[in-house]
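Take 1462 as the starting number for the sequence shown in my numbering and just add one per residue. Beta carbons: idealized from backbone N, C-alpha and C, even for Gly. As the structure is a prediction and not an experimental result, all values here were calculated from the model.
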Amino acid sequence: MTNEVYRVTWPTKSKDNTRTVLVRVYGEGVELFFNRDEEIRTFECMSIHGHGPRLLGQFSDGRVEEFIYAKTLSAADLRDPEISALIAAKLKEFHKLDMPGSKNVVLWGRMRNWLRKAKSLCNLEHVKEFWLEKLEKEISILEKELSQDNQEIAFCHNDLQYGNIMIDEETRSITFIDYEYSSYNPIAYDIANHFCEMVADYHTDTPHILDYNKYPGLEERQKFVREYLSSAGHEPTDAEVKQLTINVEKYTLANHLFWGLWGIISAYVNNIDFDYMEYARQRLQQYWLKKPKILDVSVDSLYETNDSAAELKISFPLL
C-alpha cells in the first residue's frame, strides 16, 4: 500500500531462458515515514544474512531487486496451522538478527514524530475527528504501561502482513520481504502486528475494510506464541506462553495507534487507490474500543477532563 512493484522479464541470449527481476517504484510521501538510506542499508544487510532478495540496482524513485521464485501468501494462508507455525519459527529466527546501528526501541519516538506530521497535514475537521490533540498523552500512557525492564527487544519486521511473507512451495521455507518499517522494538509488538494483520484482506473490492471478527482467538494466539518460543529448541512453560500472550495483546494498542497515524498521513500524501482515511478511522476505533479492557481502565477515567463517553461515541461510531 506504499509502493508499486513490477515483475520484469526479458529473453537472454539463450532462446530457452529468460531473466526476471522485480522493479520497485517508491510511493509518494514515503520519506515521511522512514529514512530511505537506512532502509536500503537494512535491505542490503538482510540480503547478506540470507534473509531476502539481493539489491541489483537503484534509480531516483525506486530500485531493482532479485526476483524470488516463491508464493506470496494470501490472507487465508495466515490462518493455515502449518503455515502459521512456519511463520512463528521464521519470526523467532528474524528476531535473532544482530543488525548494525542503535539497538534502542524506535516505536515511541516514531509515533510521536508521525503525530506531529499528522497534525501539520490535517485540516481542523480531521484533527477533531481523530482526537489528535489527545494522542500525545495516549502515546505516553502506552509507553509507561507497556515498557517493562525485562521485555525482550530485538530487530523487528514491524509490518508482517500477508503480502510481506513468501513461501517456497517445495521446501516450505518462509521469507519475509519489505523492511521499510523494520527496526529494534519489543518482540511482543512485532507479534501483535502480525495478529492485527489477520483481520485484513487487501485483495478485495474494499481493501481498506478490516474485519475484526477474524482477529485470532486466545487459543490461536497462544499456539502461535508457543510455536515461536519453542522454535529455538526450548520448550516453554505455560507461564511463559501466557505472559508473552498477554504482552502481545497489550501491544495491539500500540499497533492501532501506529497504523492509525500512518493512515492519516498517507491520506494526505499518497495517491494510491486505497481509502487511507477510513483505514485510519477503523484502527483508531479499535484503539479506543479495546483500551479499557486491555489496560483495565474505564473510558470515563481516561482523561482528567470533561470529555464524556457520549462524545467518544460521536467521534468513533463503533463504540
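Under 8 Å, Cβ to Cβ, is there at least one residue of chain C near residue i?
{"i": "V1660", "result": "Absent from the structure is chain C; it holds one protein chain and no more."}
When burial is assigned at 16 or more other CB atoms within 10 Å of the CB, is residue i buried or exposed?
{"i": "V1486", "result": "exposed"}
{"i": "N1708", "result": "buried"}
{"i": "G1694", "result": "exposed"}
{"i": "I1733", "result": "exposed"}
{"i": "F1520", "result": "exposed"}
{"i": "K1551", "result": "buried"}
{"i": "G1570", "result": "exposed"}
{"i": "D1498", "result": "exposed"}
{"i": "R1744", "result": "buried"}
{"i": "H1717", "result": "buried"}
{"i": "T1665", "result": "exposed"}
The alpha helix (DSSP H) spanning residue i covers which residue range?
{"i": "E1658", "result": "1648 to 1658"}
{"i": "Q1704", "result": "1699 to 1730"}
{"i": "F1685", "result": "1679 to 1691"}
{"i": "I1755", "result": "1737 to 1756"}
{"i": "V1588", "result": "1585 to 1590"}
For residue i, does the three-state DSSP call read helix, strand or coil?
{"i": "S1508", "result": "helix"}
{"i": "F1616", "result": "strand"}
{"i": "F1555", "result": "helix"}
{"i": "E1595", "result": "Residue 1595 is actually Lys in this sequence, not Glu. K1595: helix per DSSP, three-state reduction."}
{"i": "T1481", "result": "strand"}
{"i": "G1523", "result": "strand"}
{"i": "P1668", "result": "coil"}
{"i": "I1544", "result": "helix"}
Expressed to the nearest angstrom, what Euclidean distance is found between the alpha-carbon atoms of residue i and residue j?
{"i": "V1469", "j": "D1522", "result": "17 Å"}
{"i": "Y1467", "j": "L1714", "result": "34 Å"}
{"i": "F1656", "j": "V1525", "result": "31 Å"}
{"i": "A1653", "j": "Y1712", "result": "6 Å"}
{"i": "L1690", "j": "L1516", "result": "32 Å"}
{"i": "A1649", "j": "P1472", "result": "46 Å"}
{"i": "F1735", "j": "D1651", "result": "24 Å"}
{"i": "A1728", "j": "L1679", "result": "33 Å"}
{"i": "E1658", "j": "Y1530", "result": "24 Å"}
{"i": "D1692", "j": "K1553", "result": "The displayed chain sequence assigns Ser, not Asp, to residue 1692. If I take the Cα positions, the gap works out to 7 Å."}
{"i": "S1644", "j": "Q1622", "result": "16 Å"}
{"i": "P1668", "j": "N1619", "result": "20 Å"}
{"i": "I1670", "j": "Y1640", "result": "24 Å"}
{"i": "I1509", "j": "T1481", "result": "21 Å"}
{"i": "G1562", "j": "K1474", "result": "43 Å"}
{"i": "E1500", "j": "L1558", "result": "16 Å"}
{"i": "Q1746", "j": "E1710", "result": "16 Å"}
{"i": "G1518", "j": "K1564", "result": "28 Å"}
Is residue i near the ligand HEM, in the sense that its beta carbon is under 7 Å from a heavy atom of that ligand?
{"i": "K1551", "result": "Among the components modelled here there is no ligand, and therefore nothing to report on the ligand HEM."}
Could you give the first and the last residue of the continuous beta strand (DSSP E) run that contains residue i?
{"i": "M1627", "result": "1626 to 1628"}
Stretch-stretch touch, CB-based, cutoff 8 Å, three pairs: the stretch 1626 to 1642 with the stretch 1533 to 1552:
yes
Is the number of C-beta pairs between the stretch 1688 to 1705 and the stretch 1732 to 1742 that are closer than 8 Å three or more?
no
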